[in-house]
Structures are given as structure tokens and as C-alpha cells.
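Student: Sharing a structure here in C-alpha cells format.
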Amino acid sequence: MELDKIISLLKSKFGDEVIHEIDENASPKAVVVGVADIHRVCMELHTNEQTYFDMLSCLTGLDNGPDAGTMEVVYNLYSVPFEMGLMIKVKLDRNKPEINTVSDIWKTADWHEREAYDMFGIKFENHPDLRRILLPADWEGYPMQKDYQHQEYYRGIKVEY
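First residue of the sequence shown: 85, per the working numbering; consecutive thereafter.
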């Protein structure tokens with residue numbers, strides 16, 4: 085199924101406003117949806133017999149910096165039976181980066197979302213076990229944020245950065 089048909093399918097199911105934009109600069113082109121729509125869009129793409137995106141191959145966070153005031157979550161989906169991929173992006177308010185989990189749709193999202201939380205501070209609502217995965221639980225800040233200031237000491241040990 086071509087991207088324009090996927091967009092038509094989503095618009096017919098959820099209305100024209102479900103697609104905020106098409107990111108032509110992304111490779112592959114990305115569909116940008118709203119924070120409130122991500123779970124139902126992903127559920128539709130996963131369960132619809134015409135698309136059946138059965139695999140979340142990657143989910144990552146992105147910080148656009150303090151000046152932009154936004155962060156993003158990028159979902160790379162793949163349909164094994166139809167041999168097609170799709171990128172979905174969601175823009176978040178950088179001051180309150182919160183979005184619903186998709187770990188109930190794709191189990192692999194569990195670990196990807198925990199990494200995005202640990203590195204960027206993106207909170208995934210309704211996640212079954214949202215806690216740090218790479219850094220200690222008491223680590224200060226989120227290292228992949230563009231304005232991150234590393235702590236000078238951690239538990240009495242100088243942090244070389």
C-alpha cells in the first residue's frame with residue numbers, strides 16, 4: 085500500500101485532522117500525527133487487514149532544542165506480510181514531553197520507550213514499567229537533551245564528560 089493510501093485510510097477512519105503534516109524531508113517520508121492520536125493510529129495500523137504493521141522496528145526520541153520548544157517521538161513500523169515500512173512522528177511540548185505508550189500494541193516498545201525516557205525525559209503514559217534502563221535510577225537529568233548539563237560528581241566520583 086502506498087503512503088497516500090495509508091493517509092486516506094487514516095483520514096477516513098479518524099477525520100482529516102488526524103494527519104498534521106507529511107514530513108517530505110524524512111527518509112522515508114513521515115506522517116506527523118498529534119499526541120492525542122498516536123495510540124489509536126498505531127492500533128489501527130497494526131490491526132487493519134490492509135496494512136498490518138506487525139513490527140515496531142524502532143522508536144526513538146528527538147530533541148529539537150530549547151529554541152524550538154519541541155521534542156519528537158519517531159516510530160518506524162514495518163509490515164512483514166506486505167513488505168512495507170512507515171515512519172510516524174509526533175511532536176511534543178518540550179516542557180511537558182508526555183505521550184501514551186504503544187507497548188500494549190508492540191511489546192518491543194517497552195524497551196524503546198524506556199530508553200527514550202532515560203535519555204530524553206519523554207514520559208510514556210500507561211507504560212507498564214517506566215524507569216531508567218541505561219543510567220542509575222538517581223541520575224540527574226537526561227543526557228540527550230540539547231541543553232543537558234552533566235553533573236560534576238556522581239556518588240563522590242568525578243564525572244568526566
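Glycine is no exception: its CB is placed at the ideal position from the N, C-alpha and C atoms.
When you compare each of P181, H211, K89, K180 to W195 by their alpha carbons, which one comes out closest?
Tutor: Considering only alpha carbons, the answer is H211.
Student: State the start and end residues of the unbroken beta strand (DSSP E) segment that holds Y159.
Tutor: Run containing Y159: 154-163, per the beta strand (DSSP E) assignment.
Student: In whole angstroms, what is the alpha-carbon distance linking G205 and M85?
Tutor: 35 Å
Student: Do three or more CB pairs link the stretch 108-126 to the stretch 142-151 at distances below 8 Å?
Tutor: no
Student: Does the beta-carbon of I183 have 16 or more other beta-carbons within 10 angstroms, so that it is buried, or is it exposed?
Tutor: buried
Student: Taking 7 Å as the cut-off, decide whether the C-beta atoms of V102 and K173 are in contact.
Tutor: no
Student: Please classify V115: does DSSP put it in a helix, a strand, or coil?
Tutor: The answer is strand: DSSP assigns V115 an E or B state.
Student: Taking only three categories from DSSP, how would you classify M85?
Tutor: M85 falls in the coil class under three-state DSSP.
Student: From the DSSP secondary-structure annotation, give me the bridge partner or partners of I103.
Tutor: V117
Student: Any idea what DSSP makes of E199, helix, strand or coil?
Tutor: helix
Student: Between which two residues does the beta strand (DSSP E) carrying T144 extend?
Tutor: 139-147
Student: Quick check on the burial criterion: 16 or more other C-beta atoms within 10 angstroms. Buried or exposed for S163?
Tutor: buried
Student: Start and end of the beta strand (DSSP E) containing I122?
Tutor: Per DSSP, I122 lies in no beta strand (DSSP E) segment; the continuous alpha helix (DSSP H) that holds it begins and ends at 122-131.
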